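Enquirer: I have a structure I would like to understand better, so I am pasting it below and will then ask my questions one at a time.
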Amino acid sequence: MTTTTPARTTARLDLKGLAPEVSAAMGELHRAAVRAARAAGVEPELLELVRIRASQLNGCAFCLDMHTKDARAQGETEQRIHTLTAWRETPFFTERERAALALAEAVTSVQDGQVPDEVYAAAREVFDEPQVAAVIWAAVVINAYNRTAISARMVPGAYQPAPRS
Numbered sequence: 076m077t078t079t080t081p082a083r084t085t086a087r088l089d090l091k092g093l094a095p096e097v098s099a100a101m102g103e104l105h106r107a108a109v110r111a112a113r114a115a116g117v118e119p120e121l122l123e124l125v126r127i128r129a130s131q132l133n134g135c136a137f138c139l140d141m142h143t144k145d146a147r148a149q150g151e152t153e154q155r156i157h158t159l160t161a162w163r164e165t166p167f168f169t170e171r172e173r174a175a176l177a178l179a180e181a182v183t184s185v186q187d188g189q190v191p192d193e194v195y196a197a198a199r200e201v202f203d204e205p206q207v208a209a210v211i212w213a214a215v216v217i218n219a220y221n222r223t224a225i226s227a228r229m230v231p232g233a234y235q236p237a238p239r240s
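Right under this line is the structure:
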């Protein structure tokens with residue numbers, strides 16, 4: 076069921092401040108997933124596409140703001156960011172990116188029939204097992220963050236990526 080909520084300029088509550096230990100654990104889960112992806116050789120740019128796509132599906136404005144900025148800071152093009160919702164219909168994404176996006180969509184939408192065997196098989200054609208695991212973890216973590224940001228009505232706009240070193 077979809078409901079329309081008026082735009083908010085203030086957050087509903089400060090989840091980080093109210094439960095700092097849970098927030099810290101979420102941060103560590105994110106960092107662990109990033110380390111696993113790095114160790115497996117999954118490109119940071121691909122992970123940003125996964126985060127953006129899941130956030131699009133979930134309607135998380137806060138995470139969309141953050142991860143589109145992060146993607147741009149990593150050199151992602153406006154064209155690819157703007158067409159990510161229609162990635163299947165564009166020539167702008169590699170086979171590897173397509174497999175990751177399909178897997179991320181399936182993980183995000185498990186209520187639509189779980190993660191289909193053909194989606195997993197397509198991912199295994201272009202990723203080894205540690206890389207598939209890294210993409211799945213990236214999708215799981217961003218889905219958790221999407222639900223957190225949406226529930227707390229975190230306000231997008233203020234986030235700025237760290238300067239590139």
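Residue numbers for the sequence shown follow my numbering, beginning at 76 and rising by one.
Using N, Cα and C, we set each Cβ at its ideal position, and we do this for glycine too.
Just so you know, these numbers come straight off a predicted model, no measurement behind them.
Does the Cβ-Cβ distance between V109 and V210 come in under 8 Å?
Expert: Position 34 of the sequence shown, counted from the first residue, corresponds to residue 109. Position 135 of the sequence shown, counted from the first residue, corresponds to residue 210. No, these two residues do not count as a Cβ contact at 8 Å.
Enquirer: Just checking my contact of Q206 with V117 at CB under 8 Å: how many whole Å lie between their CB atoms?
Expert: Locating residue 206 in the sequence shown gives position 131, counting from the first residue. Locating residue 117 in the sequence shown gives position 42, counting from the first residue. With a Cβ gap of about 5 Å, Q206 and V117 count as contacting.
Enquirer: As a quick exercise: from Q235, L139 and A86, pick the residue whose alpha carbon is nearest that of S160.
Expert: Numbered from its first residue, the sequence shown carries residue 160 at position 85. The sequence shown places Thr at residue 160, not Ser. Nearest to T160 by alpha-carbon distance, out of Q235, L139 and A86, is L139.
Enquirer: Report back the beta-carbon spacing between A129 and T183 to the nearest angstrom; my notes put them in contact at under 8 Å.
Expert: Walking along the sequence shown from the start, residue 129 turns up at place 54. Walking along the sequence shown from the start, residue 183 turns up at place 108. Indeed, because the Cβ distance is near 5 Å, the residues count as touching under 8 Å.
Enquirer: Taking Cβ to Cβ, would you say R87 is nearer than 8 Å to R199?
Expert: To locate residue 87, count along the sequence shown from 1; it is residue 12. To locate residue 199, count along the sequence shown from 1; it is residue 124. Not in contact: R87 and R199 (Cβ atoms no closer than 8 Å).
Enquirer: Compute the distance between the beta-carbons of A179 and P191, then report whether it is under 8 Å.
Expert: Locating residue 179 in the sequence shown gives position 104, where the first residue counts as 1. Locating residue 191 in the sequence shown gives position 116, where the first residue counts as 1. Against a cut-off of 8 Å, the Cβ pair of P191 and A179 comes out as no contact.
Enquirer: Give a yes or no on whether the C-beta atoms belonging to E151 and E120 are separated by under 8 Å.
Expert: On the sequence shown, position 76 is the one that residue 151 refers to. On the sequence shown, position 45 is the one that residue 120 refers to. Cβ distance < 8 Å, so E151 and E120 count as in contact.
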